[in-house]
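One structure below.
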Amino acid sequence: MNSEFVNKWRSQVKKGTLAFILLNILKNNEFYGYELIEQMRKFTTIEIAEGTLYPLMNRLKKEGLVTSRWAEQDSGIPRKYYKLTDIGISTLTGMETYWQHLEMSIQKLIK
Amino acid sequence: MATSGNVYPKANKMKDIDFKNKSAQKIYDSYIRRMRRSITVLAKSDKEDILMEFNSHIYEGLQNTNKENQVEKILKITQRLGDPEVVLMPLIAEKKIEQATRTFNPKHIFQAILLNIRSGMIYTVFAILYICLFVFGIFMAIKIVHPEDTGLFLKDGEFIALGRLQSSENATEVLGDWFVPVMFFVALTLYFIFTIMLKITRKK
């Protein structure tokens, strides 16, 4: 097995699906950055440099898929919560449809 | 943009985390310093926003990492976050270009182009376009030194040269004293056009 090729391919898949995963996590709840990472760990085995989450969230916000708000905490260190927008919800639906198609095609192929 | 939601009740300023352990404090301070150094080119509000968000990440991490001592905790958290210089790069590039196209400030434009130059050919093209604007500045300087043979030269209504013409082969300079202001105006207009183009490419 060419494990180097597999590793490269895996990191491309990760990169390509990260936004999809995060939007899914935000589907039913609002979360702050650290919680998003925890949720990702809970559901996937994807390991990323955690700091890269924030550039990505900024991009999703710029695309109008999420909004954010600062929430004061007793500690004096506020949390920034992210939430899906209506556009985010409909975008996610579109992504899910595509994902299901892709999954079906791949299942047929690898049989 | 109106719904960006960064409405903040108090002064928009990061509150440092205090550690009992001195080594842990040092590691934390060093990480924050590296962050500050990486984001110096950004607007103040963007800087604080990024700092506060990473600070919150570190703080929440400290609350949720239970087993080790403080030094191990902060080490683990900062390692997982990654090198600020690397991790923040795309965020800085993005925020900088937002600021540049919002303010039309040449300093921000220049910094944004430098930051984004690696992310594709399109920015190289813009870099070249902006550099071309310097030509107009050079023309204005030459005009002041050699007022006689610098200008816009026409011959029988056809374009011959823009700039300095050594032996004016029957070509007539048409702008005269207007050369400097016209060059300035053209450069300014192009500058605005390029920046609007830059803004449009960003929206795609």
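Here the protein sequences line up with chains G and P, keeping their order. Here the working numbering runs 1459 ahead of the position in the first sequence, where the first position is 1. Here the working numbering runs 1440 ahead of the position in the second sequence, where the first position is 1. All C-beta atoms in this analysis are idealised placements derived from N, C-alpha and C, irrespective of residue type, glycine included. Please read all numbers here as calculations on a predicted model, not as lab measurements.
Per DSSP, the continuous beta strand (DSSP E) segment holding E1598 of chain P begins and ends at E1598 to R1604. Residue environment analysis places I1584 of chain P among the exposed positions, since fewer than 16 neighbouring C-beta atoms fall within 10 angstroms of its C-beta. Inter-residue distance for L1482 of chain G and G1501 of chain P is about 22 Å (C-alpha atoms, whole angstroms).
Judged by their CB atoms, L1573 of chain P and L1592 of chain P are not nearer to each other than the 8 Å cut-off. Not a single C-beta of chain P is nearer than 8 Å to the C-beta of N1488 of chain G. According to the DSSP assignment, W1529 of chain G belongs to the beta strand (DSSP E) that extends over V1525 to A1530. Identification of chain P residues near G1547 of chain G by a Cβ-Cβ cut-off of 9 Å yields none; the smallest Cβ-Cβ distance measures about 12 Å. A1464 of chain P counts as buried, since no fewer than 16 other beta carbons sit within 10 angstroms of its beta carbon.
Under the DSSP assignment, L1554 of chain P falls in the alpha helix (DSSP H) whose first and last residues are P1546 to N1556. When the five nearest sequence neighbours on each side are left out, the beta carbons in the same chain lying within less than 6 Å of the beta carbon of S1478 of chain P are those of P1524, E1525 and L1528, in order along the chain.
The way I'd put it, the stretch 1490–1510 of chain G doesn't touch the stretch 1545–1562 of chain G; fewer than three beta-carbon pairs between them come closer than 8 Å. Residue pairing for L1594 of chain P: DSSP places it in a beta bridge opposite P:F1599 and P:T1612.
In the three-state DSSP reduction, L1485 of chain G falls in the coil class, being neither helix nor strand. Within the DSSP secondary-structure output, R1500 of chain G pairs in no beta bridge.
Closest in C-alpha terms to P1546 of chain P, from the list P:L1628, P:K1462, P:V1575 and P:K1455, comes P:L1628. DSSP places L1528 of chain P in the coil class of the three-state scheme, outside both helix and strand.
Contact of S1534 of chain G with chain P by beta-carbon distance below 7 Å involves Y1499. Secondary structure of L1502 of chain P (DSSP, three-state): helix. Counting of Cβ neighbours within 10 angstroms places I1636 of chain P among the exposed residues, the total staying below 16. With respect to the 8 Å criterion, I1498 of chain P and I1467 of chain P are not classified as neighbours on the basis of their beta carbons.
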